[in-house]
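Quick note on the numbering used here: the sequence shown kicks off at 11 and runs consecutively. Yeah, the Cβ is synthetic: ideal placement off N, Cα and C, and Gly gets one too. Predicted, not measured: the structure shown is a model, and the values here were computed from it. Beneath this line is the structure, given in structure tokens, with notes to follow.
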Amino acid sequence: MPTFQYEAMDNTGTEVKDTIDAPSEAEAQTMIKSKGFYVTKISEKGTKKAAGKKGGGAKTAAPAKKKPVRKKGGFTFGGVSQKKLCTFTRQLSTLQDAGLPILRSLRILEGQAKPGVLKSSLSGVIEDVESGNTLSEAMAKQPKCFDGLYVNMVKAGEAGGALEVILQRLAEFKERGQSLKRKVQGAMIYPCAVVGVATLIVGFIMYFIIPKFKKIFMDFGTELPPMTNLLIFISDNVVKYFYLAPAIPFALYLMIKLIRKNKTGAFVIDWIALRVPLMGKIIEKTIIARTSRTLGTLIASGVPILEGLIISRDTAGNAVFVRAFQNVYNAIREGESMAVPLKEARICDDMVVNMVDVGEETGALDTMLYKIADVYDEEVAVLVDGLVSMLEPIMVVVLGLIVGFIVIALFMPLVKLLNDLS
């Protein structure tokens, strides 16, 4: 009787590695499932070929005929934009829903993809699937394109035999994330453009105009008021250290990146970011919306809650939330509910905690998490609109003060000079 090696997860999310004797792979999976384990990989002892659970294995099994060696996409830089990945996921979901084999679907999408990271990754995925790997295993080998969330949801779809449904959920999840991102970016274009143009104009005045007035004042020997002296001092430093204008922001960016390499430093910076008036609220609610939708999508797809928490933690992008999710993960492993450590973490308001509590009691945690994400998406949109509305008068006042300061500082000695001449 053949012996099968397998890797699985129990109900607590603990990884289990063991062997089992069974007449066939299908019966081995059934026996492992009867023990309460979730199979992630199984292979016959003594062979290198591994297969996922029966849900996705049927579509991703290696074909009988030997395929010619595929040409790899080549070395590429960077990653895949979320917009391209979102389009790819929607197209793959449509092709799977139409009943096409997974290999044919992947070849179609690879053929229409433009040269780049996505095309190269799809070439690697197709080659691995043809070699006998499951789709999730093949995608896991392409981290530039497919992150942990993507891979685990595909794995859950293969395990449950509903890959097309999971891909549809994944496409909807990414489309919602892209929609929120576009709203925030679109709202910030105008303020950033105004600030950028104003900075260039003021820099031009300081570098080219003020020195000419300074020469006029020096030629006439006029005694300058303190305001004019301050303006000339600023202009002299701009002319002398103009190369620092791009260097200072870059240095600050580099310093923050270096500080974030340290866990304590990253926590302090992210904590400060969450305390910035208005912007902190936008960051907080954006993270809650993203992580809630991520966790809800994973739970609805059949991924164990502990594994879902780890993936959601990695998508937070904020050290304060990462630490909070880790505490929730540890508490659930010890047998507590999710609501209690979430309340103790103080990263979200009471509405979120109560909705999570109700979701756990009713067994509809994924539905509650979706509702939380929808509510916070709307709140983020409202806050961004409010921030833009508030920035416009603030920018007008600040620019007015800067222009007024320059005009007054230049005209005060001119008026004094005209009075002296008269």
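For Ile293 versus Leu284, is the C-beta distance shorter than 8 Å? Working through the sequence shown from its first residue, we reach residue 293 at position 283. Working through the sequence shown from its first residue, we reach residue 284 at position 274. Yes. Within cutoff.
query: Near Tyr339, what residues of its chain come up, given a Cβ to Cβ distance below 8 Å and the 5 sequence neighbours on each side ignored?
result: Taking the sequence shown and counting its residues from 1, the one referred to as residue 339 is at position 329. Counting only residues of its own chain and dropping the five nearest sequence neighbours on each side, Tyr339 has a CB closer than 8 Å to the CB of Leu316, Leu319, Ile320 and Arg323.
If distances are taken between C-alpha atoms only, which option among Met361, Leu102, Ser130 and Asp28 comes closest to Ile118? Position 108 of the sequence shown, counting from 1, holds the residue named residue 118. Of the candidates Met361, Leu102, Ser130 and Asp28, the one whose C-alpha sits nearest the C-alpha of Ile118 is Leu102.
- Query: Whose C-beta lies closer than 8 Å to the C-beta of Met11 among residues of the same chain, with five residues either side of it excluded?
  - Reply: If you number the sequence shown from 1, residue 11 lands on position 1. Once the five neighbours on either side are set aside, the close Cβ partners of Met11 are Asp31, Ala32 and Pro33.
Where Pro256 and Ile220 are concerned, what is the direct C-alpha to C-alpha distance, given to the nearest angstrom? Within the sequence shown, residue 256 is the residue found at index 246, counting from 1. Within the sequence shown, residue 220 is the residue found at index 210, counting from 1. Rounded to the nearest angstrom, the two C-alpha atoms are 21 Å apart.
Would DSSP call Phe14 helix, strand or coil? By 1-based counting over the sequence shown, the position of residue 14 is 4. Strand.
| message | Just to confirm, is the Cβ distance from Leu466 to Phe223 under 8 Å? | response | Residue 466 lies beyond the stretch modelled for the chain, which goes from 11 to 432, so this question has no answer here.
Checklist entry - Secondary structure at Lys58, three-state DSSP: helix, strand or coil? => result Against the sequence shown, residue 58 aligns to sequence position 48. Note that Lys58 scores 41 on pLDDT, short of 50, meaning its location in the model is unreliable and no value can be drawn from it.
Out of Cys358, Ala355 and Tyr16, which one is the CA nearest neighbour of Ala36? Residue mapping note: residue 36 aligns to position 26 of the sequence shown, counting from 1. That would be Tyr16, whose Cα lies nearest to the Cα of Ala36.
Return the first residue and the last residue of the beta strand (DSSP E) that Asp31 is part of. Taking the sequence shown and counting its residues from 1, the one referred to as residue 31 is at position 21. Counting along the chain, the beta strand (DSSP E) containing Asp31 begins and ends at Glu25 to Asp31.
Give the secondary structure of Lys291 by DSSP, where H, G and I count as helix, E and B as strand, and everything else as coil. Indexing the sequence shown from 1 puts residue 291 at position 281. Helix.
- Query: Start and end of the alpha helix (DSSP H) containing Cys202?
  - Reply: In the sequence shown, counting from the first residue as 1, residue 202 sits at position 192. Looking at the DSSP string, the run of the alpha helix (DSSP H) that includes Cys202 is Leu173 to Phe214.
Just to confirm, is the Cβ distance from Lys353 to Met365 under 8 Å?
Position 343 of the sequence shown, counting from 1, holds the residue named residue 353. Position 355 of the sequence shown, counting from 1, holds the residue named residue 365. It is not a contact, given that the beta carbons lie outside the stated cut-off.
Problem - Rounded C-alpha distance that separates Val408 from Phe214 - result: Here residue 408 refers to the residue found at position 398 when the sequence shown is read from its first residue. Here residue 214 refers to the residue found at position 204 when the sequence shown is read from its first residue. Going from the Cα of Val408 to the Cα of Phe214 covers about 18 Å.
Point to revise | Ala355 and Ser302 closer than 8 Å at C-beta | key: To locate residue 355, count along the sequence shown from 1; it is residue 345. To locate residue 302, count along the sequence shown from 1; it is residue 292. No, the pair does not count as a contact, with Cβ atoms beyond the cut-off.
- Message: For Met216 and Lys426, what's the separation of their Cα atoms in angstroms?
- Response: Against the sequence shown, residue 216 aligns to sequence position 206. Against the sequence shown, residue 426 aligns to sequence position 416. Distance between the alpha carbons of Met216 and Lys426: 22 Å.
#### Entry: Inter-residue Cα distance where the pair is Glu174 and Leu110
In the sequence shown, counting from the first residue as 1, residue 174 sits at position 164. In the sequence shown, counting from the first residue as 1, residue 110 sits at position 100. Approximately 10 Å, taken between the alpha carbons.
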